[in-house]
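As C-alpha cells, the structure follows; a few thoughts come after it.
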Amino acid sequence: MKTVESKLPFNYKTIRVTQSRINKGLLAIPVSLIDYFPKRKNRIYVAFGNKDKEAILKNFTPYSSSSRESRIGGMKSFYKDFKVQDGDELVIQILDKDRYRIFTEKQFENKITKIEEELDKSKDEVEAGSKLQQISTITNYGFEETLLSEFYRLSKKDVNKRISKPRVSKAKMSVPASIRTILSTIYNGKCQISGFGFLMKTGKSYFEIHHIKPDLGHHLKNLLVVSPNIHAQFTYANLEEFFDEQGWLRRVKFNNDEFIVNQIIDSVPIKYKKEIHYQFN
Numbered sequence: 001m002k003t004v005e006s007k008l009p010f011n012y013k014t015i016r017v018t019q020s021r022i023n024k025g026l027l028a029i030p031v032s033l034i035d036y037f038p039k040r041k042n043r044i045y046v047a048f049g050n051k052d053k054e055a056i057l058k059n060f061t062p063y064s065s066s067s068r069e070s071r072i073g074g075m076k077s078f079y080k081d082f083k084v085q086d087g088d089e090l091v092i093q094i095l096d097k098d099r100y101r102i103f104t105e106k107q108f109e110n111k112i113t114k115i116e117e118e119l120d121k122s123k124d125e126v127e128a129g130s131k132l133q134q135i136s137t138i139t140n141y142g143f144e145e146t147l148l149s150e151f152y153r154l155s156k157k158d159v160n161k162r163i164s165k166p167r168v169s170k171a172k173m174s175v176p177a178s179i180r181t182i183l184s185t186i187y188n189g190k191c192q193i194s195g196f197g198f199l200m201k202t203g204k205s206y207f208e209i210h211h212i213k214p215d216l217g218h219h220l221k222n223l224l225v226v227s228p229n230i231h232a233q234f235t236y237a238n239l240e241e242f243f244d245e246q247g248w249l250r251r252v253k254f255n256n257d258e259f260i261v262n263q264i265i266d267s268v269p270i271k272y273k274k275e276i277h278y279q280f281n
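Going by UniProt numbering, the sequence shown opens with residue 1, and the numbers climb by one from there.
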C-alpha cells in the first residue's frame, strides 16, 4: 500500500488493477484491505458509481479460499463499460456491512468536480445545501466532514484583487450562496469574534458576513461570520488587525479591546490522502 496526496479535498482508497484480473472479470482485494470484507464465502452488495439503490449482489470469495486472495466476481461488464485497463485505479468505498461501492477513479473525480462546479454557481442556499449533500453521498463522507473539505478547497483558491470602482454607496457585497451556506453551517451562525449567536423569530440564526478587505472579494480568508454589533465595530471603532503568515485574520483590536478570531481552518487537515492498494501480479 502506498499513500500519496489526494488531488481532491477528500481521503479515499483505490485498488490498482492488473490485466490478469481484468481478463478474468474479477476484482482481487489486496491483503491490506481484507479486514473490510467478509471472512467467509458470501454474496455482497456492490453499487457502481453513486447509484446506491441499484446495488447488485456479487459473489465474494475470501482470502482463506484455495485462490489465496479475496475476490469480487462478476466484474467483466464493469471493466468493459468503463474501458478499465491494466494499471488503472478503482475507488473502493465501504458503505456498511457487506455493502460496497466502486468507481473508476476518473469517474469519481469527474463526478465530484462537476458537482463542485455546480455548488459554486448555486443560486440560493437551498441549492447549495443540496449540492453539498450530493458530494457527501458520493464521497461517503459525513455532511460536516464534507463542509470542511469544501472549505479547504475554496481556501486554496488564489486571492484575486477586485477591480477598483468608485463607491457610490456603502451597500453590503452579496456573498455567493455556496460560501454563505458553508460558513453559516460551519460556524453555526455564531460570531467568529464574540462567539455569540442570535436567533430570529423563525428560529434561524441571524448573522452578517464581513469583508475584511473590500478589494479582496469573496475569498474565505477575507470573510468573517459576525454579529451586527461586531460588524459595526469594524466600521466605527479604532481598528487593528493581526494576520498570520498564510493571510488568516487571527486577532483584532476594537479601540483597546482585543479579541481572538475563531478560524475553522485550524480544524481542517493540512492535506488529504489517497491510499493506493496493489493487487498481486
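Glycine included, each C-beta is placed from N, C-alpha and C at the ideal position. No experiment lies behind these values; they were computed from the predicted model shown.
| query | Using a Cβ-Cβ cut-off of 8 Å (strictly less than) and excluding sequence neighbours within five positions of N188, which residues of its own chain qualify? | reply | Closer than 8 Å at the Cβ level, and outside the excluded window around N188, lie G197 and S205.
| message | Going by beta-carbon coordinates alone, are Q134 and I115 separated by less than 7 Å? | response | It is a contact, given that the beta carbons lie within the stated cut-off.
| field | CA nearest to the CA of E54, picked from K13, Y100, Q19 and V91 | value | Of the listed residues, the one whose Cα sits closest to E54 is Y100.
| query | Rounded to a whole number of angstroms, what is the C-alpha to C-alpha distance between residue 283 and E127? | reply | Past the edges of the chain, shown from 1 to 281, lies residue 283, and the structure says nothing about it.
| field | Three-state class that DSSP yields for Q93 in the structure shown | value | If DSSP states are grouped into helix, strand and coil, Q93 belongs with the strands.
| Between I102 and L90, which are expected to be in contact by the criterion C-beta below 8 Å, what is the C-beta distance as a whole number of angstroms? | About 6 Å; that satisfies the 8 Å criterion.
| task | Would you mind sorting A232 into buried or exposed? The rule is 16 or more other CB atoms within 10 Å of its CB. | result | Around the Cβ of A232, a 10 Å sphere holds fewer than 16 other Cβ atoms; the residue is exposed.
| query | Does DSSP classify S169 as helix, strand or coil? | reply | Because the pLDDT of S169 is 41, which lies under 50, any placement of that residue in the model is unreliable, and the number read from its coordinates should be weighed accordingly. Assignment of S169 by DSSP, reduced to helix, strand and coil, places it in the coil class.
| query | Per DSSP, L199 forms a beta bridge with which residues? | reply | In the DSSP output, where bridge partners are listed per residue, L199 has S205.
| task | Spatial neighbours of F243 within its chain, please: CB distance less than 6 Å, with the 5 preceding and 5 following residues excluded, ordered by chain position. | result | Cβ-Cβ distances below 6 Å link F243 to L249 in the same chain, with the five nearest sequence neighbours on each side left out; the list follows chain order.
| said: Need the endpoints of the beta strand (DSSP E) that I15 sits in, please. | reply: The continuous beta strand (DSSP E) containing I15 extends over residues Y12 to R16.
| said: Looking at V261: is its Cβ nearer than 7 Å to the Cβ of I209? | reply: Their beta carbons are not under 7 Å apart, which means V261 does not touch I209 by this criterion.
| field | Unbroken beta strand (DSSP E) run spanning I115, endpoints | value | Careful: I115 lies outside any beta strand (DSSP E), inside the alpha helix (DSSP H) at E105 to D120.
| query | Between S164 and G217, what straight-line distance do the alpha-carbon atoms span, to the nearest angstrom? | reply | At S164, the pLDDT of 48 sits below 50, so the modelled position is not reliable and the matter cannot be decided from this model.
| task | Kindly indicate which residue of P38, Q85, L26 and K123 has the alpha-carbon position closest to the one of D96. | result | Ranking P38, Q85, L26 and K123 by Cα distance to D96 puts P38 first.
| Coarse secondary structure for L211, derived from DSSP in three states | The question names Leu, but residue 211 in the sequence shown is His. Reduced to three states, the DSSP call for H211 is strand.
| What is the rounded straight-line gap between the Cα of K201 and the Cα of N42? | In this structure, the alpha-carbon of K201 lies about 54 Å from that of N42.
| message | Please report the straight-line C-alpha distance between T18 and F10, rounded to a whole angstrom. | response | The alpha-carbon atoms of T18 and F10 are separated by roughly 25 Å.
| message | Looking at S32: is its Cβ nearer than 7 Å to the Cβ of H211? | response | No.
| said: Does R153 pass the burial test, meaning 16 or more other C-beta atoms within 10 Å, or should it be called exposed? | reply: Under this definition R153 is a buried residue.
| message | If you measure between the beta carbons of I92 and I22, is that distance less than 7 Å? | response | One thing to note: I92 has its Cβ no nearer than 7 Å to the Cβ of I22.
| According to DSSP, what are the bridge partners of S70? | When DSSP reads this structure, S70 sits in a beta bridge with I29.
| CB-CB under 8 Å to N255, same chain, minus the five flanking residues each way: which ones, in chain order? | So the list reads A237 and N238, once near-sequence residues are dropped.
| query | Between M1, Q107 and Y63, which lies nearest to D81 when the distance is taken from Cα to Cα? | reply | Closest in alpha carbon position to D81, among M1, Q107 and Y63, is Q107.
| message | Would Y124 and I44 be called neighbours here (beta carbons separated by less than 7 Å)? | response | The sequence given here places Asp at residue 124; Tyr does not occur at that position. The answer is no: Cβ separation not under 7 Å.
| Across which residues does DSSP place N59 in a beta bridge pair? | Answer by DSSP bridge pairing, in chain order: R43.
| query | Closest by CA to A47, which one among Q85, I138 and H219? | reply | Out of Q85, I138 and H219, I138 has the C-alpha closest to the C-alpha of A47.
| query | DSSP puts L239 in a beta bridge; with which residues? | reply | DSSP, once it has assigned bridges, lists F254 as partnering L239.
| request: Could you have a look at S164 and say whether DSSP puts it in helix, strand or coil? | output: In this prediction, S164 scores a pLDDT of 48, lower than 50, which makes its location untrustworthy; no coordinate-derived value is stated.
| message | Spatial neighbours of V84 within its chain, please: C-beta separation below 8 Å, excluding the five flanking residues on both sides. | response | Excluding positions up to five away in sequence, the list reads V17, I22, F78, L90 and T104.
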